[in-house]
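Notes follow once the structure below has been shown.
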């Protein structure tokens, strides 16, 4: 696999939680799939705001991985890719150990693929 393909896989997988964060922001009753299932239905307003932040962060992370993989022509700030990789690892850990079973089952495989793709970008 080339870094170019791996970066595209990362971005395609990131599109899934990005879509979820958009849905949560707009009031979809999907809280059981996010934030440990703390709010199983529609998120309270403050948490909907945090969904915007989480979605934006995921977009930024995907852009960084796409740039590092050569899909986007961009000069990355020093440490940007490392930060995106670290956030991907932390996201995987958080989802894998979430108290919400639906969140674990949905997001752990997706974030695992994202991490593997990011590692391919880093080391290929």
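In our numbering, the protein residues as written are 2 to 125. Positions of the beta carbon are idealized from the N, C-alpha and C atoms, including for glycine.
*Note the first and the last residue of the continuous alpha helix (DSSP H) segment covering residue 69.*
For the purposes of this step, residue 69 is taken as residue 68 along the chain shown, with counting starting at 1. Here the alpha helix (DSSP H) through residue 69 covers 46 to 69.
*Cα-Cα separation, residue 110 to residue 70*: Counting from one through the chain shown, the residue named residue 110 turns up at place 109. Counting from one through the chain shown, the residue named residue 70 turns up at place 69. If you draw a straight line from the Cα of residue 110 to the Cα of residue 70, it is about 22 angstroms long.
*asked:* Would the region 48 to 58 count as touching the region 22 to 31 if we require 3 or more Cβ pairs under 8 angstroms?
replied: Three or more Cβ pairs drawn from the region 48 to 58 and the region 22 to 31 lie within less than 8 angstroms of each other, which places the two stretches in contact.
*Please confirm if the region 101 to 117 is in contact with the region 76 to 84, defined as three or more CB-CB distances below 8 angstroms between the two stretches.*
Below 8 angstroms, too few C-beta pairs join the region 101 to 117 and the region 76 to 84 to call them touching: fewer than three.
_Burial state of residue 62 (16 or more Cβ within 10 Å)_ = Counting from one through the chain shown, the residue named residue 62 turns up at place 61. Burial call: buried.
*For the candidate residues 37, 16 and 10, whose alpha-carbon lies nearest to that of residue 99?*
As a working mapping, residue 99 is identified with position 98 in the chain shown. Selection 37, 16 and 10 evaluated against residue 99 yields 37 as nearest (Cα-Cα).
*Measure the CB-CB distance between residue 72 and residue 5 and report whether it falls below 8 angstroms.*
Taking the chain shown and counting its residues from 1, one reaches residue 72 at position 71. Taking the chain shown and counting its residues from 1, one reaches residue 5 at position 4. Note that the C-beta distance between residue 72 and residue 5 is below 8 angstroms.
*Starting from residue 115 and walking both ways along the alpha helix (DSSP H), at which residues does that stretch end?*
Indexing the chain shown from 1 puts residue 115 at position 114. Here the alpha helix (DSSP H) through residue 115 covers 102 to 124.
*Which of helix, strand or coil does DSSP assign to residue 28?*
Along the chain shown, one-based indexing puts residue 28 at 27. Residue state, collapsed to three classes: coil.
*asked:* By alpha-carbon positions, which one of 95, 3, 78 and 89 ends up nearest to residue 34?
replied: If you number the chain shown from 1, residue 34 lands on position 33. Taking the Cα of residue 34 as reference, the smallest distance to any Cα among 95, 3, 78 and 89 is reached at 95.
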